[in-house]
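FYI, our numbering numbers position 216 of the sequence shown as 851, with every residue one higher than the one before it. Beta carbons are placed, not taken as given, at the ideal position from N, Cα and C, and that holds for glycine.
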Amino acid sequence: MVTQGKLQINAVDNIEEKNSGSLGCCGWILVLISLLFIIPTFPLSIFMCVKIVKEYERAVIFRLGRIKDRKPKGPGIFFVLPCTDTFVKVDLRTVSFDIPPQEILTKDSVTVSVDGVVYFRIQCPISAVANVSNAHSSTRLLAQTTLRNVLGTKNLAELLSDREGISLSMQESLDEATDPWGIKVERVEIKDVKLPQQLQRAMAAEAEASREARAKIIAAEGEMKASRALKEASLVIAESPSALQLRYLQTLNTIAAEKNSTIVFPLPIDVLQNFMQRK
């Protein structure tokens, strides 16, 4: 039953398309009159019939208010009837526009100002002319609304760190919404995120405190490693008494290299013990 219903709907749609594409008796009469008008005035009427569109343009021809052949013309030369045909040029090049700064309240109740840029092009001239009155203006307004809707579901941290994901989400939403208009959204980019001055100062203070805490942790870890190294060095020196005397000589060499006028020479305790024993 569902399949039969779909077939009936498709059949009705096909009949409506055929009826909408037909001109009717009065329409064909007007077309014949237009042709009869062209024949006697042929040298002059050729300038009214021949039209040219560029490589990046397409022409949508309306004959008595109906789109002719359901496909655009161009690029190059095409012919129109002077009395019954009108046409609209559609530019297929990529168009870019800036989204004005939008005051947005994020999910965590932070007010930010965000702007962006959108790149789009018309991929179906018929839909861009027949389904929307002004495709460019409608896309601009829709981009502003989509920017507010998408960013309203994000936290401030996500807004600052995941711009690429937000741009992709906006592109998918815009592309889906503008598809009936024959528009392809190629790219969406978030240009700038402006935070209130008070919030900027708070975030700067938080970042500074975090850096100081990390610096103290690193210094404490360094002291701990240094104490462990000193402990291991003392154990090594304790195993060999001569190692301590070598360390004294190294210290003396270091002091002499600095060109100091006073040199303190550490006297080993073992030498004093020998003198005490002789007494």
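A Cβ-Cβ distance of about 6 Å is found for the pair F755 and I818, placing them in contact under the 8 Å criterion.
Under DSSP, no beta-bridge partner is assigned to A770. By the C-beta criterion, the region 794-814 is judged not to be in contact with the region 852-861, since fewer than 3 inter-stretch pairs fall below 8 Å. Straight through space, the alpha carbons of A842 and S862 are spaced by roughly 30 Å. Note that the region 763-772 does not touch the region 782-793; fewer than 3 beta-carbon pairs, one per stretch, sit closer than 8 Å. By the C-beta density criterion, P760 is buried, having at least 16 other C-beta atoms within 10 angstroms. When beta bridges are read from the DSSP output, E824 appears opposite V752. Spanning the alpha carbons of V695 and D750 requires a straight line of approximately 35 Å. One Cα belongs to K860, the other to I872, and the distance between them is close to 19 Å. Of L727, W816, S796, the smallest CA-CA separation from S762 is found for W816.
Sequence-distant Cβ neighbours of L699 in its own chain, meaning closer than 7 Å and more than five residues away, are L658, G662, L665, T719. In this structure, Q779 and I712 do not form a Cβ contact; the two beta carbons are roughly 40 Å apart against a cut-off of 8 Å.
Residues of the same chain with a CB within less than 7 Å of the CB of N790, apart from the 5 flanking positions on each side, are T741, K742, D743 in chain order. Nearest to K703 by C-alpha distance, out of V823, S773, V753, F722, is F722. In the three-state DSSP reduction, K789 falls in the coil class, being neither helix nor strand. One alpha carbon belongs to I674, the other to V730, and they sit about 42 Å apart. Secondary structure at E738: strand, using DSSP grouped into helix, strand and coil.
The residue among K866, V688, L777 with its C-alpha nearest the C-alpha of V715 is V688. According to the DSSP assignment, G800 belongs to the alpha helix (DSSP H) that extends over 798-813.
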